[in-house]
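Peer 1: There's a structure below that I have some questions on.
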Amino acid sequence: MDLTKKYLNLLAKEYPTIGDTTTEIINLEAIMNLPKGTEHFVSDVHGEYEAFQHVLRNGSGNIKEKIKEIFHNRLSQKEMNSLATLIYYPENKIRLVCSEFEDQEEVDEWYRLTLSRLIELCVFVASKYTRSKVRKALPNEFAYIIEELLSKDGNGYTNKEDYYSEIIGSIILLDRGSEFITAISYLIQRLVVDQLHVVGDIYDRGPYPDKIIDTLIEHHSVDVQWGNHDILWMGAASGSAVCIANVLRISARYDNLEIIEDAYGISLRQLLTFAEMTYPEDLNSCFYPKIDPNKEDYFEDEIRQITKMHQAISVIQFKLEGEIIKRHSEFQLDHRLLLSDIDYEKGTITIKGTEYPLLNTNFPTIDPADPYTLTPEEELVVEKLVTAFKNCERLQKHIAYLYSKGSMYLTYNDNLLFHGCMPLTEDGEFMGMEIQGEQYAGRKLLDKFEEVLRKGYLNKEHKDNEKYLDYVWYLWTGPVSSLFGKDQMTTFERYYVADKATHEEKKNAYYKMRNDEKTCEKILNEFGLDPLKGHIINGHTPVKEKRGEDPIKANGRIIVIDGGFSKAYQGTTGLAGYTLLYNSYGMVLVSHQPFTSVSEAIENEIDIMSTRRVIDRELDRKKVRETDVGKELTKQVSDLNALLAAYRNGDIIEKTRQNYTVLK
Numbered sequence: 278m279d280l281t282k283k284y285l286n287l288l289a290k291e292y293p294t295i296g297d298t299t300t301e302i303i304n305l306e307a308i309m310n311l312p313k314g315t316e317h318f319v320s321d322v323h324g325e326y327e328a329f330q331h332v333l334r335n336g337s338g339n340i341k342e343k344i345k346e347i348f349h350n351r352l353s354q355k356e357m358n359s360l361a362t363l364i365y366y367p368e369n370k371i372r373l374v375c376s377e378f379e380d381q382e383e384v385d386e387w388y389r390l391t392l393s394r395l396i397e398l399c400v401f402v403a404s405k406y407t408r409s410k411v412r413k414a415l416p417n418e419f420a421y422i423i424e425e426l427l428s429k430d431g432n433g434y435t436n437k438e439d440y441y442s443e444i445i446g447s448i449i450l451l452d453r454g455s456e457f458i459t460a461i462s463y464l465i466q467r468l469v470v471d472q473l474h475v476v477g478d479i480y481d482r483g484p485y486p487d488k489i490i491d492t493l494i495e496h497h498s499v500d501v502q503w504g505n506h507d508i509l510w511m512g513a514a515s516g517s518a519v520c521i522a523n524v525l526r527i528s529a530r531y532d533n534l535e536i537i538e539d540a541y542g543i544s545l546r547q548l549l550t551f552a553e554m555t556y557p558e559d560l561n562s563c564f565y566p567k568i569d570p571n572k573e574d575y576f577e578d579e580i581r582q583i584t585k586m587h588q589a590i591s592v593i594q595f596k597l598e599g600e601i602i603k604r605h606s607e608f609q610l611d612h613r614l615l616l617s618d619i620d621y622e623k624g625t626i627t628i629k630g631t632e633y634p635l636l637n638t639n640f641p642t643i644d645p646a647d648p649y650t651l652t653p654e655e656e657l658v659v660e661k662l663v664t665a666f667k668n669c670e671r672l673q674k675h676i677a678y679l680y681s682k683g684s685m686y687l688t689y690n691d692n693l694l695f696h697g698c699m700p701l702t703e704d705g706e707f708m709g710m711e712i713q714g715e716q717y718a719g720r721k722l723l724d725k726f727e728e729v730l731r732k733g734y735l736n737k738e739h740k741d742n743e744k745y746l747d748y749v750w751y752l753w754t755g756p757v758s759s760l761f762g763k764d765q766m767t768t769f770e771r772y773y774v775a776d777k778a779t780h781e782e783k784k785n786a787y788y789k790m791r792n793d794e795k796t797c798e799k800i801l802n803e804f805g806l807d808p809l810k811g812h813i814i815n816g817h818t819p820v821k822e823k824r825g826e827d828p829i830k831a832n833g834r835i836i837v838i839d840g841g842f843s844k845a846y847q848g849t850t851g852l853a854g855y856t857l858l859y860n861s862y863g864m865v866l867v868s869h870q871p872f873t874s875v876s877e878a879i880e881n882e883i884d885i886m887s888t889r890r891v892i893d894r895e896l897d898r899k900k901v902r903e904t905d906v907g908k909e910l911t912k913q914v915s916d917l918n919a920l921l922a923a924y925r926n927g928d929i930i931e932k933t934r935q936n937y938t939v940l941k
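So the sequence shown is numbered by our numbering: it starts at 278 and just counts up by one.
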């Protein structure tokens, strides 16, 4: 039996009759003529959970746009704002509204009016999907009732008006108004976005990356393109000591060790004890944490402890990085072996032939004759931390999710998504490097990076796993890393050398050449996309809008959506993030002002101020048939037509359905 016949016989088990086959063909053809679903792109959320949640809840302003479309002639701006806030935060808003009424009749009337508006809006946002898809999205508790209400005809036919009115009345009478409004609000949130793309950097800077991943786990359809900060945590969970050291250093620097101890329950007692015993009392300003002004007052002891741990883990990091560089000559990072360039007696360091005084000359754990060897005490700290990270159940759950939903890049509906850059040489060629004895560049380089990453995680219990994990660290800091995109990371110089000329990190040529349309077309071609239709969508580098930088580059071929979710960047960017929406009408870039707080959003109905900018406008509304999903459905229709032909010419015999009588 040839493969085609074998495949058709397998397909016949799912569609055993001509009727089943034709029904599915009709269904798929109909689906392909629906409008394309809305895609929502976010990037570089950096642990800013509340701002991320708000953008997710309001669909980057998409919900408010839908409200305007339906109610702009019937509701005031204040009423539309109130309805939008209710949909974003239904539980909190219901409590607040109901507390303002004097009697139950007012509450019941508000429920009745609000339910009618929500149902009308829900009918509108559900109209671009099949009933089957909407049914799968319905909350279990109210699935039947919501499905009935969504079938309400708005064309003036009144045969069932009493029926619908009675449903709403019964919901209120049975004191289920609050729960029902909550359920339908979350359904609206879900239906306004069909696919969520997170273009990297969930971790670091902000306090709650763990909560962001918990939210993503519950999301109905999401993909992640890994960022450099995500890779660091992925390496840490895989048991990479140097990635763990970097994670802890950044958390200490940004006063965010709570993510380690409270969110993930990883004890830092061993590191603290070692730091207290090893480093002096006089605090070095280089390692002083960037205190969050919104936090409560700190105790002096707490600042001292963070500073000492920061210094201790930084020195451990520099030692571990040196060992990796010496193991991998192909990394071409020998110039980063800075501990060998220190004159420990004079307190100076020589960088590129120039001698600089060190801001801090206290290196109690470094042997000048062997600067990269960990002391026994440092080895014990590292061993304990590696064990803790590898055995943290919650962290492993989150990192397993990133591996299951993530990738180095994604091609989706003619667009190329990656976090950082496509490494290029100065003459515009794809930058290559040697990995495990072979040379890679372009798309093959990113594919190889992903292969090594996955092997590093899957083999985290193997003793020789460093052959994979060293490349994870390289992705964090290497000059040919698509996630880093610079010639070097000058962490040591920023801590120890005052001269800012030594702090320079030169960006990859990509960041200059991405303004050139031909370069973008070359990259799109490399990934098998149509350069005249496709876009490159990046994060990673904050767009400095207040300096006049435009996030749309190369005549619209590239869109940069890192506008500064992280509070650490907002002083530079002048805003609080870009997001992107791509629906059946085209692409819209949305810029956001800083998010204040959930309480402000609920009590004062203050939304994130967002500005929408049309990038591409479809001349004809795009259908599912023209998307990647449509391509898959087209293949399925082709297979089903082949099965139908096989039934009709007798190559495959129809299976008749049998009715069985149940004996009582």
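We put the beta carbon where it would ideally sit given N, CA and C, even for glycine.
Rounded to whole angstroms, how far is the Cβ of A514 from the Cβ of L735, which I believe are closer than 8 Å?
Peer 2: Actually they do not touch by this definition, with Cβ atoms about 12 Å apart.
Peer 1: Going straight from the alpha carbon of L955 to that of S759, what length do you get?
Peer 2: Nothing about residue 955 can be read from this structure; the chain reaches only from 278 to 941.
Peer 1: Roughly how many whole angstroms lie between the Cα atoms of T856 and G927?
Peer 2: 54 Å
Peer 1: Distance check for L910 and N369, CA to CA, integer angstroms please.
Peer 2: 41 Å
Peer 1: Is I814 helix, strand or coil when you go by DSSP?
Peer 2: strand
Peer 1: Take P641 as the anchor and find which of E553, T299 and I302 has the nearest alpha-carbon.
Peer 2: E553
Peer 1: Need the endpoints of the alpha helix (DSSP H) that T555 sits in, please.
Peer 2: Where T555 is concerned, the enclosing alpha helix (DSSP H) stretches over R546 to T555.
Peer 1: With a Cβ-Cβ cutoff of 8 Å, do D618 and D807 count as a contact?
Peer 2: Contact flag unset, no.
Peer 1: For the beta strand (DSSP E) holding L857, just list the boundary residues, first then last.
Peer 2: Run containing L857: Y855 to N860, per the beta strand (DSSP E) assignment.
Peer 1: Quick one: what does DSSP say N533 is sitting in, helix, strand or coil?
Peer 2: coil
Peer 1: Taking the DSSP output, what are the residues bridged to A718?
Peer 2: G709
Peer 1: For the alpha helix (DSSP H) containing E794, list its first residue and its last residue.
Peer 2: From DSSP, the alpha helix (DSSP H) with E794 extends over E794 to E803.
Peer 1: Please state the DSSP three-state secondary structure of S684.
Peer 2: DSSP, read as helix, strand or coil, puts S684 in strand.
Peer 1: Checking 8 Å against the spacing of the C-beta atoms, do H696 and W510 come in under that value?
Peer 2: no
Peer 1: Can you grab the Cα-Cα spacing for the pair D279 / N286, in whole Å?
Peer 2: 11 Å
Peer 1: By how many angstroms is the C-alpha of F872 removed from the C-alpha of A328?
Peer 2: 6 Å
Peer 1: Of the residues P566, E706 and I601, which one's Cα is nearest the Cα of Y745?
Peer 2: If you compare the alpha carbons of P566, E706 and I601 with that of Y745, the shortest gap goes to I601.
Peer 1: For R408, which residues of its own chain have a beta-carbon under 6 Å away from its beta-carbon, when the five flanking residues on both sides are left out?
Peer 2: Answer for R408: no residue qualifies.
Peer 1: Tell me the DSSP bridge mates of D500?
Peer 2: H474
Peer 1: Whose C-alpha, out of L473, D478 and D481, is nearest the C-alpha of S498?
Peer 2: L473
Peer 1: For F726, count neighbouring C-beta atoms within 10 Å of its own C-beta (all shown protein chains included) and say buried if the count is 16 or more, exposed if not.
Peer 2: buried
Peer 1: The beta strand (DSSP E) spanning G863 covers which residue range?
Peer 2: G863 to H869
Peer 1: Does the stretch 455 to 475 come close enough to the stretch 301 to 310 to have 3 or more Cβ pairs within less than 8 Å?
Peer 2: no
Peer 1: Where do the ends of the alpha helix (DSSP H) carrying Y745 lie?
Peer 2: E743 to T754
Peer 1: In chain order, what residues of the same chain have a beta carbon less than 7 Å from the beta carbon of V524, not counting five sequence neighbours either side?
Peer 2: L509, W510 and A513
Peer 1: I'd like the list of long-range same chain contacts for P416, defined as Cβ closer than 8 Å, with 5 residues on each side in sequence excluded.
Peer 2: I423, A460, Y463 and L464
Peer 1: Classify T904 as buried or exposed, calling it buried when 16 or more other Cβ atoms lie within 10 Å of its own Cβ.
Peer 2: buried
Peer 1: Tell me the residue span of the alpha helix (DSSP H) that contains Y365.
Peer 2: Q354 to Y365
Peer 1: Just verifying my parser: in three-state terms, what is the DSSP assignment at T627?
Peer 2: strand
Peer 1: Measure the C-alpha to C-alpha separation of F419 and R334 and round it to an integer number of angstroms.
Peer 2: 21 Å
Peer 1: Ignore the nearest five residues each way along the sequence and tell me which others in F761's own chain have a CB closer than 8 Å to its CB.
Peer 2: N505, G697, L752, W753, T754 and G755
Peer 1: Looking at C-alpha atoms only, which residue of V663, R613, L866 and V875 is the closest neighbour of T767?
Peer 2: R613
Peer 1: Thinking C-alpha only, which one of C563, R604, D747 and L597 is nearest T584?
Peer 2: C563
Peer 1: Just mark Y421 as buried or exposed, buried being the case when its beta carbon has 16 or more other beta carbons within 10 Å.
Peer 2: exposed
Peer 1: DSSP three-state call for D279: helix, strand or coil?
Peer 2: coil
Peer 1: Just grab the DSSP bridge partners of Y633 for me.
Peer 2: I626
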